[in-house]
Amino acid sequence: MRAVFLAAAAVALTACASTEQGAQRGGGEPASVQELLAGVDIPYEQFQLDNGLTVLVHEDRKAPVVAIAAWYNVGSKDEPPGQTGFAHLFEHIMLFNGTEHVPNLIEPLREMGATNWNGTTWFDRTNYFQTVPTPALERGLYIESERMGYILGALTQERLDAQRGIVQNEKRQGDNQPYGLAFYRILEGLFPEGHPYRHSTIGSMADLDQASLEDVRQWFRDNYGPNNAVLVLAGDINAAEARPLVQRYFGQIPRGPDNVPAAADVPTLSQRIDARMQDRVSNTRLYRTWAVPGVTMVTFEPQKPGLGGHPANARTARGRL
């Protein structure tokens, strides 16, 4: 048996920026995060439907394909006590089941030649995406609008139980991988009791077991309205072409309650935390982890913490020896 060592410390944004391996000024001093971000220019057009759906369109005519991605302003940090894992469980329900009008959402994607289709859940967001040939764009938008607006009528106890079992098997697989339990300890060390980042996205077995059909339906009603989403189209399309198509398929979806994301302040630890885990692994691994503000923040105000990364795609900064 080998040990897994965990070291956690809270650091300021200045400490994170000082070690950034990015562009440097003439004197060798690293450029600020804001300067680096200012050099990134991805042109896009933006419009919004009456129901609150925000649409971003990036035109790129190099290939006859369009990437479609729907981003929802809800993640595991928004789960109340007793409902951990709900965001990820619902992602599975949205991705792999059918709707009131489409019995199976996966088969049409395969038929139209869609690639890179999937969904993901993290602390701050849930997303669904696919890349489709340009001639299949309208059908792809139809499928994504079905996912956004017409899931509830097709959500049955049988489908919930099937996806619950798949998610629980996914958790077992992750937990049983080498070092699979370390991330739980890292979150517990970095974030105090009651902090929305303290529990993992996969959730607990007990909470997943207790998820009722009505609980899951209410999660959709509370969080999945078009006013809580951003639809991104990138590729062989522009905003003038996109607007009538998006209006046709998404415009009739009713607005939902405005989601108010859970407050997730950057924690400050009173002292360094050292922890040690014993597990059946072949090599010792050392994790050094910090909770820091997201890289796009321009002040030191504690708002959304990133685990060594951007709050919209937070990941743990890990040093392995």
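Last residue of the sequence shown: 323 in my numbering, with the numbers rising by one and none dropped.
Backbone N, C-alpha and C define an ideal beta-carbon position, used for all residues, glycine too.
All values derive from a computational prediction rather than experimental measurement.
Nearest candidate by alpha-carbon position, reference residue i, set the options
{"i": "M96", "options": "I239, W221, P269, Q280", "result": "W221"}
{"i": "L325", "options": "P295, V294, L215, W73", "result": "The structure shown does not extend to residue 325, since the chain is modelled only from 3 to 323, so the question has no answer here."}
{"i": "V268", "options": "P256, L247, R250, G296", "result": "G296"}
{"i": "V294", "options": "L288, T270, A277, I275", "result": "T270"}
{"i": "Q249", "options": "K79, V134, F49", "result": "F49"}
{"i": "R200", "options": "L210, D211, F185, M207", "result": "F185"}
{"i": "N129", "options": "A265, V234, S206", "result": "V234"}
{"i": "H94", "options": "R187, M114, I168", "result": "I168"}
{"i": "I275", "options": "R127, Q132, I188", "result": "I188"}
{"i": "G115", "options": "G253, F92, A69", "result": "A69"}
{"i": "E140", "options": "Q159, P256, P246", "result": "P246"}
{"i": "V67", "options": "T136, L39, Q179", "result": "T136"}
{"i": "V262", "options": "K79, P105, L183", "result": "K79"}
{"i": "F125", "options": "M279, R278, E81, G182", "result": "E81"}
{"i": "H90", "options": "K64, T123, E113", "result": "T123"}
{"i": "A277", "options": "R223, W119, L183, A242", "result": "L183"}
Residue i versus residue j: straight-line alpha-carbon distance, rounded
{"i": "G258", "j": "M150", "result": "11 Å"}
{"i": "S202", "j": "L157", "result": "25 Å"}
{"i": "D281", "j": "A138", "result": "49 Å"}
{"i": "L143", "j": "Y251", "result": "7 Å"}
{"i": "E37", "j": "I44", "result": "15 Å"}
{"i": "R60", "j": "G121", "result": "Note that residue 60 is His in the sequence shown, not Arg. Rounded to the nearest angstrom, the two C-alpha atoms are 21 Å apart."}
{"i": "L58", "j": "T286", "result": "45 Å"}
{"i": "A213", "j": "R219", "result": "10 Å"}
{"i": "T117", "j": "L111", "result": "8 Å"}
{"i": "G24", "j": "G41", "result": "With a pLDDT of 46 at G24, under the threshold of 50, the predicted position of this residue should be treated as unreliable, and no value is reported."}
{"i": "R320", "j": "P83", "result": "Legend: pLDDT at R320 = 31, less than 50; position of this residue unreliable, value from coordinates given subsequently. Roughly 28 Å between the two C-alpha positions."}
{"i": "A231", "j": "G77", "result": "12 Å"}
{"i": "D62", "j": "S206", "result": "42 Å"}
{"i": "L107", "j": "A264", "result": "31 Å"}
{"i": "F88", "j": "I153", "result": "16 Å"}
{"i": "F98", "j": "P32", "result": "45 Å"}
{"i": "I204", "j": "G237", "result": "32 Å"}
{"i": "Q273", "j": "E148", "result": "49 Å"}
{"i": "A244", "j": "Q165", "result": "33 Å"}
{"i": "A72", "j": "I145", "result": "11 Å"}
{"i": "L210", "j": "Q85", "result": "7 Å"}
{"i": "Q179", "j": "G253", "result": "44 Å"}
{"i": "G54", "j": "Y289", "result": "42 Å"}
{"i": "Y181", "j": "I255", "result": "44 Å"}
{"i": "D177", "j": "D260", "result": "35 Å"}
{"i": "D217", "j": "A208", "result": "14 Å"}
{"i": "E109", "j": "D52", "result": "31 Å"}
Environment of residue i [buried if 16+ CB atoms lie within 10 Å]
{"i": "P2", "result": "It is not possible to answer for residue 2, since the shown part of the chain is limited to 3 through 323."}
{"i": "V35", "result": "buried"}
{"i": "H103", "result": "exposed"}
{"i": "V300", "result": "Residue confidence for V300 is low, a pLDDT of 48 falling below 50, so the modelled location carries little weight; the figure read from the coordinates is stated next. When all chains shown are included, V300 counts as exposed."}
{"i": "P228", "result": "buried"}
{"i": "P198", "result": "buried"}
{"i": "N240", "result": "exposed"}
{"i": "K173", "result": "buried"}
{"i": "S284", "result": "exposed"}
{"i": "G30", "result": "exposed"}
{"i": "V134", "result": "buried"}
{"i": "R127", "result": "buried"}
{"i": "N225", "result": "buried"}
{"i": "N75", "result": "buried"}
{"i": "G100", "result": "buried"}
{"i": "G196", "result": "exposed"}
{"i": "Y46", "result": "exposed"}
{"i": "Q175", "result": "exposed"}
{"i": "Q159", "result": "exposed"}
{"i": "G191", "result": "buried"}
{"i": "A327", "result": "No statement about residue 327 is possible, as the shown extent of the chain runs from 3 to 323 and does not include it."}
{"i": "A1", "result": "For residue 1 there is no data in the structure shown, the boundaries of the chain being 3 and 323."}
{"i": "L39", "result": "exposed"}
Residue range of the alpha helix (DSSP H) that includes residue i
{"i": "K159", "result": "Position check: residue 159 holds Gln in this sequence, whereas Lys was assumed. Q159 -> alpha helix (DSSP H) spans 159 to 177."}
{"i": "G191", "result": "184 to 192"}
{"i": "V218", "result": "215 to 225"}
{"i": "V248", "result": "241 to 252"}
{"i": "E93", "result": "88 to 98"}
{"i": "G209", "result": "A small fix is needed here, since residue 209 is Asp in this sequence, not Gly. Run containing D209: 207 to 212, per the alpha helix (DSSP H) assignment."}
One or two residues paired with residue i in a DSSP bridge
{"i": "T136", "result": "In the DSSP output, where bridge partners are listed per residue, T136 has none listed."}
{"i": "T367", "result": "Because the chain is modelled from 3 through 323, residue 367 falls outside the range shown and cannot be assessed."}
{"i": "F49", "result": "V57"}
{"i": "T117", "result": "T133"}
{"i": "L235", "result": "V59, I70"}
Span of the beta strand (DSSP E) around residue i
{"i": "E61", "result": "56 to 61"}
{"i": "A266", "result": "From DSSP, A266 is part of no beta strand (DSSP E); its letter is neither H nor E."}
Contact test: residue i Cβ vs the ligand GDP heavy atom, cutoff 7 Å
{"i": "T158", "result": "By its list of ligands, the structure shown contains no ligand whatsoever, and the ligand GDP lies outside what it can speak to."}
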